[in-house]
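Numbering (our numbering), first residue to last: 1 to 333.
Backbone N, C-alpha and C define an ideal beta-carbon position, used for all residues, glycine too.
Here the structure is a predicted model, which is why all the values come from computation and not from measurement.
This report refers to the structure that appears directly beneath it.
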Amino acid sequence: MDYESRQVRRFTVPPSAAGQRLDRWLTDRFEAESRSAVQRWIAEGLVTVDGQRAGKSGMPLDAGTEIQVAAPPPAVETSLRPENIPIEIIFEDNSLLVIDKPAGLVVHPGPGHTAGTLANAVLHHCPELEGIGGEKRPGIVHRLDKGTSGVIVVAKNDAAMRFLQEQFAGRTVYKEYLALLEGRVEPPRGRIDAPVGRHPTRRQRMAVLPALSGPKNAVGTGQTASGAREAVTDYECLQVYEDRSSGQTARFSLVRAVLHTGRTHQIRAHFAWRRHPVAGDAEYGYKRRRLSLTRPFLHARRLGIRLPGEAERRLFEAPLPAELQRVLDRLGE
């Protein structure tokens, strides 16, 4: 495939990103790609800076610089098979699907999950999705953890895929979650602005890692010396519950969390760092079962996004699953 036939994306470097490395800044723009993939694009001449082929991955950026990226489409993975897995569809048109994903359903195949995923399910529902997005991810624009339920959007064609990806990359998507946290959260509302990256020793986990020294960067542009990426979560405590079933009083806080970035395990890592892990999250919190929960109490309640051809953002909502509502009902008794 030659350069001209690729989908070219154009960026202008904002003042807040001045001095950042080219590869790190571009990795933030292409959240579905690894930094090594971006470095490969640069080496192959697919990235230009002010009209000239980018020289080095580590070149520092200047404010106002024009960058063009002719990113190759992912290779089509033909091993993915449609599976008749029931899915709850919130909305559907010719461009996309909005789905209420249940907890326990992996979004796309990966190590240990070669089948039985949301990708298999949507391919059965829409066979024409094969190849949209490629690499075992037909139409998958973003993801939710296996144990997280709630709203997820799937593109049905290449044009919709690009349109939705631009919104996620540009941080214009509204992402609201409900989470039940261990303890009483103080202050009851606020912002957690702390970079998240791979845990240095427990590689399956994410963690808040030390930030770069110097002035704080704007939302979505920061990178730490440890390789972590800026992560920003706003939260508001909706209610505090007390549980005395064990003979001792345990407190739990129901919070509304709004993500301004989309880092892996962002909510789980942020609140664990604040010593208020998500209830039921054995990876980041208590190992023993709490409140009869068999999954983290984390639900993607609302997603606000523009649809192709529409100027205003639409808001889609998924009700709290019955097993989580039962936990709140018992705590409220």
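For Thr27, the enclosing alpha helix (DSSP H) has its first and last residue at Leu22 to Arg29. Short of 8 Å from the beta carbon of Ile267, and not among the five residues preceding or following it, lie these beta carbons of its own chain, in chain order: Tyr177, Ala179, Thr233, Ala257, Leu259, Val278 and Leu298. Judged by DSSP secondary structure, Leu315 falls within the beta strand (DSSP E) whose first and last residues are Arg313 to Glu317.
Taking the Cα of Arg202 as reference, the smallest distance to any Cα among Arg191, Glu166, Ala269 and Val153 is reached at Ala269.
By the Cβ rule, the segment 33-52 does not count as touching the segment 92-109, because fewer than three pairs are nearer than 8 Å. The beta-carbon distance between Ala121 and Ile87, rounded to whole angstroms, is 5 Å. This is short enough to meet the 8 Å contact definition.
Along the length of the segment 141-188, whole beta strand (DSSP E) runs at least 3 residues long occupy 149-155 and 174-182, reported in chain order.
Residues of the same chain with a CB within less than 6 Å of the CB of Val173, apart from the 5 flanking positions on each side, are Gln167 and Ile305 in chain order. With respect to the 8 Å criterion, Leu164 and Val151 are not classified as neighbours on the basis of their beta carbons. With distances taken between CA atoms, Trp273 lies nearest to His199 out of His199, Leu291 and Leu331.
Nearest neighbour of Ser16 by Cα position, chosen from Glu230, Thr249 and Arg290, turns out to be Glu230. Distance from the Cα of Thr261 is smallest, within the candidate group Gln239, Gln248, Pro319 and Ala194, for Ala194. Looking only at Gly190, Ala207, Glu186 and Val106, the smallest Cα-Cα distance to Val196 is reached by Ala207. Beyond the five residues adjoining it in sequence on each side, Ser57 comes within less than 8 Å, by CB distance, of Arg21, Leu22, Asp23, Val38, Gln39, Ile42 and Ala43 in the same chain, given in chain order.
Under DSSP, Glu128 shares a beta bridge with no residue. DSSP links Gln68 through a beta bridge to Arg10 and Thr48. About 5 Å separates the beta carbons of His108 and Ile140, which is inside the 8 Å limit, making them a contact pair. Selection Thr148, Glu83, Ala318 and Leu46 evaluated against Leu293 yields Thr148 as nearest (Cα-Cα). Residue state for Gln204 is assigned as coil, using DSSP reduced to three classes. Annotation for Gln39: the continuous alpha helix (DSSP H) segment containing it runs Arg35 to Ala43. For Phe91, the number of other beta carbons within 10 angstroms of its own is below 16, and it is reported as exposed. Under a 10 Å Cβ-count criterion, Pro296 is classified as buried, with 16 or more other Cβ atoms of the shown protein chains found around its own Cβ. Per DSSP, Ser292 has no beta bridge partner at all. A distance below 6 Å between beta-carbons, with the five flanking residues on each side excluded, links Thr117 to the following residues of its chain, in chain order: Val106, His108 and Pro109. By the Cβ neighbour-count rule, Arg289 is exposed, with fewer than 16 other Cβ atoms within 10 Å of its own.
Within the same chain, and ignoring the five residues on either side of Tyr241 in sequence, the residues whose Cβ sits closer than 6 Å to its Cβ are Phe252 and Leu331.
Pairing Pro102 with Gly19, the inter-Cα distance amounts to about 42 Å.
Contact annotation: Phe11 and Ala71 have beta-carbon atoms that are not nearer than 8 Å.
Checking the DSSP bridge columns, you'll see Glu236 partnered with Arg189 and Arg256. The secondary-structure analysis by DSSP pairs Asp243 across a beta bridge with Ala250. For Pro321, same chain residues with a beta-carbon under 6 Å away, outside a window of 5 residues either side, are Ser149 in chain order. Leaving aside the five residues that flank Leu238 on each side, the residues in its chain whose CB is nearer than 7 Å to its CB run, in chain order, Leu254, Val255 and Arg256.
Taking 8 Å as the cut-off, the beta carbon of Arg9 is found closer than this to the beta carbon of Val69.
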